[in-house]
Structures are given as C-alpha cells and as structure tokens.
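Only one structure is covered here, and it is reproduced in the block below.
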Amino acid sequence: MILPPLQQALPMIEMFLNKLNSVLPLFHAGTLLRLVGECYSRTPRQRDPVAWAAINVVLALTCQQVSSPDGDGDAGTQAHRTTEYLNRAQSVISDVMLSETRLLNIQTLVGMVMVLQSAHDPTQALILIAATIRLAHKMGLQNRVTSAHLDPEERRQHTHVFWLVYILDKDLSLRAQQPSIQLDDDIDLDLPHSLPADDDGDGDTPGVIATADGNARMNYFLARVQLANIEGGVYDCIFSTRAAKRSPEERLAAANSVLEALEKWQAEIPSEFGAAAVITSTANDSTSLGLFCVLHSISLRCMTLVNRAHAWNDEWVRGVHDIVRGGMGKLQLPIGWATLVHQARDFMILFERAWSAEIWFRWIVSCPYVSSMMVLVTNNLRNLLHHRIQLDSQLVDKALQWLKAGAEETQREDVRILRDICVDIVQRVERKRAAPILGVCPRILL
10 MILPPLQQAL PMIEMFLNKL NSVLPLFHAG TLLRLVGECY SRTPRQRDPV AWAAINVVLA
70 LTCQQVSSPD GDGDAGTQAH RTTEYLNRAQ SVISDVMLSE TRLLNIQTLV GMVMVLQSAH
130 DPTQALILIA ATIRLAHKMG LQNRVTSAHL DPEERRQHTH VFWLVYILDK DLSLRAQQPS
190 IQLDDDIDLD LPHSLPADDD GDGDTPGVIA TADGNARMNY FLARVQLANI EGGVYDCIFS
250 TRAAKRSPEE RLAAANSVLE ALEKWQAEIP SEFGAAAVIT STANDSTSLG LFCVLHSISL
310 RCMTLVNRAH AWNDEWVRGV HDIVRGGMGK LQLPIGWATL VHQARDFMIL FERAWSAEIW
370 FRWIVSCPYV SSMMVLVTNN LRNLLHHRIQ LDSQLVDKAL QWLKAGAEET QREDVRILRD
430 ICVDIVQRVE RKRAAPILGV CPRILL
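The C-terminal position of the sequence shown is numbered 455 in our numbering, with every residue numbered one higher than the one before it.
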C-alpha cells in the first residue's frame, strides 16, 4: 500500500483542506492530518487499508477539483493522477465497505462518489452512493440521538458527513431520473448553519465562502443542502411514479410549490455570488468558479425541469422549432420568463469563463448549459430586437460549437438531433433579424 512521498502529498492535502474541504467539509482538518501522520509512520504492509484508501481519495479529489495556487499542472496529467489515486482507493473497497464500520469508512466512500459523480455515465456513483447511505444508516448518521454521546467535534463531523451524503444522493437522483435513497422524513439533524463554528483553524464556520475582498460571505454548504432538498421535490414533481398518478391540478400545485421554494432559495444567495458576478467577486479563482458553476447549474436544472423548458423536453424544443418554421401553434412560456432568461444568460457567462476541455464538472453542468442555450434561443425568437440580443447570440453560437463537440464525443443521436434543430432555429432567427424591412417581422410572439 504505497503512497507518494510525504513532501509531495502534504502540500496537496493542505490545498484540499484549505480550498475544497473548507467549503464541503468531508474531514476535520486535525483528524485528517493525524491520520496522514500515522499512516506515513508505518511501512506499506502495516498500513490500515481504510486509512490508506482515505488518503488516496483526498489526493484524487485534490488533483481533480482543486486548482494549484501557481496554476501549474497539465490538465491531462492531473486527470491521469486522479484516476491513479482513485484506482488505488478502489482496490481495497471491500475492506472499506465490509470491515468494521467507522466514520472514516463512510468518508472514504463519500470521497469516491465525489470523484465519480463527474463521469459522463453516473452509474458507478449511483451504485456507490446507495451503499454509502446504507452504511451511514448503520451508524445512524441521519439521527441526532445516535451521536448524542459523542463530544461536540465528533458530532459535527458526523453531521457534516451525513449532509454530504444527502447532497450527492439528491444530485445523482435528479441527474439519472432515479429515486433517491434517503427519505427526508427520516432525518433528524441540525442544518449546517445552526452548527457551532469549528474551533480548528481560524474559527470560521465550515462551508462558508467569502468574496476576494472579504466584504460578502455565504454558507455554500448550507445552500447545497437546501438545494438538494429542492432537487428531491423536483424529482417527486416530474419523474416519480406518484407524479404520473396526479391530476393536472395536483401537478400544477406541486410544481408551484417547488418553484416557490426555489425562488426563496435564489433570493437568499447574496448578489456577489450570482452566476455572472461570482467571476469577479472570487477573483476568477478556478476552484471557486467550479463550485459555483455546479451550484448555479443545479438551480437552473431545477428551474427548467419544473417549467418544462428543458433542452431534453421534446415537446418544448419541437414547439419552438415549429413556430420558427411558420407553424400556427403558440408556445406557452413559463411564468417568470424574464427571470429565467436572466439566469440562463448569467450561467452561460459563468460557464464560458470556467470552461476548459478538462474541467472536472463538465458532465454535471452540460444539460443545464444546453437548456440555457435553448432559453436564449427562444427569447431571441420571441423578441428580435431586445437590447441584449447581440450578447445572447454570441453565447448561443459558442454553445452550439460546444454541443457539436459533445455530439461527436458521445456519439449520441439525440444530442446530434438537438444540435441540428437548434442550428436551424438560430439560422432562421438570424435571417429574420437581417431582413431588409424589419417592419415585416420585427417580433415573433410565442
């Protein structure tokens, strides 16, 4: 059970603690550093396989999701190292899952899921999160009673780990359109914001992130927990068996309830951490941009799904396509259309800034990105003269290039068809904008 030299591993672990773990608190810093010291003090044959796996998971997460302060590190090399560390951890997964269940076992599995969630096919992550939740239930992490005998620091660690499990469960459930494992009614825990500040480090509450100038702060961890709860509501509203059995009136009431919760959640996000504003407020830090790109992509996924304005909603896409080709139908725009357009535009600006071919979250945010493009395309069709059409057209053109590359990479026929439809809509809108007599068709009312 080999590990990289301590002088190589320790800076990576410190980066993990300072950048990712401070926002999504998987480990207590002091506990992790003691674990590292104990593991390195032993020969490879003497090392605890669970502790060894945990260290490899931390190294994998650092390579995948944490940017180096000096910007060093080839993306391809980092991806290779991520895979190497993850494979090492998974080589002892039977020990992690079947040995005596400790919090460390669950933390290690959660870290694995955090790495695996970025895959184009989330099957591995879905299977592993299910097993992780069963072990969390075995320890009673979802219930405050089972940790009442622990000291405050241990209780905090247990609670943090459970909420990370909860976030991953709801995220993966909605992406895969499969039921989540954890029942909300079976949780009796404090939310992150009501937990006492950690006395380790500088005393900041885990999960809190600040702007570069320190003038604004938000609890990112709490926001993710609350958004995960909303994701569960979206699944129940759209994809659950219960949803299919509801009357139209009941479906509308369920959708309105989810939208109300989502709007309340969005209103509580400080303006400095909005999708476009966060580029400047975090000084363009790539680790922070990745975290917020994921956050805002989930919010948009929820918005477009509940409003039936998702790029993979065939009725919505073909309805827009039919109208631009001269069809007689009328597309029903969602209530709050202007807000949806604004959020889609800001997210596409953030995505463009954060994007590279090797970003770890590309498949997490890809569907909301394409849905955002479809929202802007529809808005351009709705109003050929709106004052931001030039910017929106540029964002759409870049998204179409991205979608073309995605279709070629995945070889998915539905992606190719969607791109062809979007290209046709965009070309027709551009021809209408370029018409010499604007009075003939300055607007197309949907």
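For glycine and all other residues, C-beta sits at the position ideal for the given N, C-alpha and C.
If you're wondering where the values come from, they're calculated on a predicted model, not measured in any experiment.
query: Would L29 be called buried (16 or more neighbouring beta carbons within 10 Å of its own) or exposed?
result: Taking the first residue of the sequence shown as 1, we reach residue 29 at position 20. With 16 or more Cβ atoms within 10 Å of its Cβ, L29 is classed as buried.
message: Beta-carbon within less than 8 Å of N114's beta-carbon, same chain only, minus the 5 sequence neighbours each way: which residues are those?
response: In the sequence shown, the residue the question calls residue 114 occupies position 105. Excluding sequence neighbours, N114 sits near V59, V105, M106, S108, L144.
query: From this set, H167, E162, F36, which residue's C-alpha is nearest K147's C-alpha?
result: One-based indexing of the sequence shown puts residue 147 at position 138. Nearest option by C-alpha distance: H167.
message: Assuming S31 and P215 are in contact, meaning their beta carbons sit under 8 Å apart, how far apart are those beta carbons, in whole angstroms?
response: What you label residue 31 is simply residue 22 of the sequence shown in a count that begins at 1. What you label residue 215 is simply residue 206 of the sequence shown in a count that begins at 1. Rounded, the Cβ-Cβ distance is 7 Å, consistent with contact.
- prompt: Is it true that the CB of A264 sits closer than 8 Å to the CB of R486?
  reply: As displayed, the chain neither begins before 10 nor continues past 455, which places residue 486 out of reach and without an answer.
query: Relative to the C-alpha of Q99, which residue among Q133, V75, T71, L112 is closest?
result: By 1-based counting over the sequence shown, the position of residue 99 is 90. Comparing Cα-Cα distances from Q99 to each of Q133, V75, T71, L112, the minimum goes to Q133.
message: Here's the rule: buried if 16 or more other CB atoms are within 10 angstroms of the residue's CB, otherwise exposed. What is T348?
response: Here the question's residue 348 lines up with position 339 in the sequence shown. Exposed is the call here.
- request: Give a yes or no on contact between the segment 234 to 244 and the segment 304 to 311, applying the rule of three or more CB pairs nearer than 8 Å.
  value: yes
- prompt: When the Cα atoms are used, what is the spatial distance from I196 to Y175?
  reply: Locating residue 196 in the sequence shown gives position 187, counting from the first residue. Locating residue 175 in the sequence shown gives position 166, counting from the first residue. Approximately 10 Å, taken between the alpha carbons.
message: For N388, report the span of its alpha helix (DSSP H) as first-last.
response: Position 379 of the sequence shown, counted from the start, is the residue given in the question as residue 388. Run containing N388: 371 to 391, per the alpha helix (DSSP H) assignment.
- request: List the whole-angstrom C-beta distance separating Q126 from L181, where the pair is believed to meet the contact cut-off of C-beta under 8 Å.
  value: Mapped onto the sequence shown, residue 126 falls at position 117. Mapped onto the sequence shown, residue 181 falls at position 172. Contact holds; Cβ gap of about 6 Å.
query: Is it buried or exposed for Q87, if we count other Cβ within 10 angstroms and need 16 for buried?
result: Walking along the sequence shown from the start, residue 87 turns up at place 78. By the 10 Å Cβ count, Q87 comes out buried.
- prompt: By Cβ distance, which residues of its chain are closer than 7 Å to L314, with the 5 residues on each side in sequence left out?
  reply: Start at 1 with the first residue of the sequence shown, and residue 314 comes out as number 305. Contacts found: V243, I247.
message: Rounded to whole angstroms, what is the Cα-Cα separation between M121 and D355?
response: Counting from one through the sequence shown, the residue named residue 121 turns up at place 112. Counting from one through the sequence shown, the residue named residue 355 turns up at place 346. Whole-angstrom Cα-Cα distance: 31 Å.
task: Could you name each continuous alpha helix (DSSP H) segment of 4 residues or more that falls completely within the segment 40 to 80, going from the start of the chain to the end?
output: 58 to 74
task: May I have the straight-line CA-CA distance separating V267 from L159, to the nearest angstrom?
output: Locating residue 267 in the sequence shown gives position 258, counting from the first residue. Locating residue 159 in the sequence shown gives position 150, counting from the first residue. Distance between the alpha carbons of V267 and L159: 36 Å.
- request: Return the chain-ordered list of same chain residues with a C-beta closer than 8 Å to the C-beta of D473, the five sequence neighbours on each side being excluded.
  value: Residue coverage of the chain in this structure runs from 10 to 455, which leaves residue 473 outside it and unanswerable.
- request: Note down the Cα distance separating Q151 from N65, rounded to an integer number of angstroms.
  value: On the sequence shown, position 142 is the one that residue 151 refers to. On the sequence shown, position 56 is the one that residue 65 refers to. Those two C-alpha atoms are separated by around 26 Å.
Per-residue burial, S295 [other beta carbons within 10 Å of its own, 16 or more giving buried]: Looking up residue 295 in the sequence shown gives position 286. Buried.
Those residues which DSSP pairs with V217 across a bridge: To locate residue 217, count along the sequence shown from 1; it is residue 208. The partner list for V217 (beta bridge, DSSP) reads N228.
task: Between the Cα of L95 and those of T289, Q74, L68, G85, spot the shortest distance and give me the residue it belongs to.
output: The residue given as residue 95 occupies position 86 in the sequence shown. Cα-wise, what sits closest to L95 is L68.
- prompt: What residue range is occupied by the uninterrupted alpha helix (DSSP H) comprising M10?
  reply: Along the sequence shown, one-based indexing puts residue 10 at 1. First-last for M10: undefined, no H or E at that position.
message: Ignoring anything shorter than 4 residues, give me the alpha helix (DSSP H) runs that lie fully in the segment 122 to 164, in order along the chain.
response: 132 to 148
Identified DSSP bridge partners for D197: Position 188 of the sequence shown, counted from the start, is the residue given in the question as residue 197. Per DSSP, N152.
Sub-8 Å separation of P257 and A185 beta-carbons: By 1-based counting over the sequence shown, the position of residue 257 is 248. By 1-based counting over the sequence shown, the position of residue 185 is 176. No, these two residues do not count as a Cβ contact at 8 Å.
Which of helix, strand or coil DSSP assigns to G120: Here residue 120 refers to the residue found at position 111 when the sequence shown is read from its first residue. Note: G120 maps to helix in three-state DSSP.
- prompt: What is the rounded straight-line gap between the Cα of L412 and the Cα of R90?
  reply: Position 403 of the sequence shown, counted from the start, is the residue given in the question as residue 412. Position 81 of the sequence shown, counted from the start, is the residue given in the question as residue 90. Between L412 and R90, the C-alpha separation is close to 28 Å.
message: Along the chain, where does the alpha helix (DSSP H) containing D401 start, and where does it finish?
response: Translated into the one-based positions of the sequence shown, residue 401 becomes position 392. Segment 398 to 419, the alpha helix (DSSP H) holding D401.
message: So, at 7 Å on beta carbons, what are the nonlocal neighbours of D211 in its own chain, with the 5 sequence-adjacent residues on each side left out?
response: Counting from one through the sequence shown, the residue named residue 211 turns up at place 202. Residue confidence for D211 is low, a pLDDT of 44 falling below 50, so the modelled location carries little weight; the figure read from the coordinates is stated next. Correct list: empty, nothing qualifies.
field: Beta-carbon contacts of L135 that lie in its chain and below 8 Å, excluding the five residues immediately before and after
entry: Locating residue 135 in the sequence shown gives position 126, where the first residue counts as 1. Cβ within range, chain order: L181, A185, Q187.
message: Please identify the residue among E163, S402, H169 whose C-alpha is closest to the C-alpha of M383.
response: In the sequence shown, the residue the question calls residue 383 occupies position 374. The residue with the shortest Cα to Cα distance from M383 is S402.
query: Taking C-beta to C-beta, are R2 and M10 nearer than 8 Å?
result: Given a span of 10 to 455 for the chain in the structure shown, any question on residue 2 remains unanswerable.
task: Tell me whether G212 sits in a helix, a strand or coil according to DSSP, three-state version.
output: One-based indexing of the sequence shown puts residue 212 at position 203. Because G212 sits at a pLDDT of 47, beneath the cut-off of 50, its placement in the model cannot be relied upon, and the following sentence gives the value as read from the coordinates. If DSSP states are grouped into helix, strand and coil, G212 belongs with coil.
task: Label A443 either buried or exposed according to how many other C-beta atoms from any shown protein chain fall within 10 Å of its C-beta, with 16 as the threshold for buried.
output: Along the sequence shown, one-based indexing puts residue 443 at 434. Exposed, since its Cβ has fewer than 16 Cβ neighbours within 10 Å.
G241 classed as buried or exposed, judged by whether at least 16 other C-beta atoms fall within 10 angstroms: As a position in the sequence shown, residue 241 is number 232, starting the count at 1. So G241 ends up on the buried side.
query: Can you tell me the Cα-Cα spacing of T155 and A140, whole angstroms?
result: What you label residue 155 is simply residue 146 of the sequence shown in a count that begins at 1. What you label residue 140 is simply residue 131 of the sequence shown in a count that begins at 1. One C-alpha to the other measures close to 20 Å.
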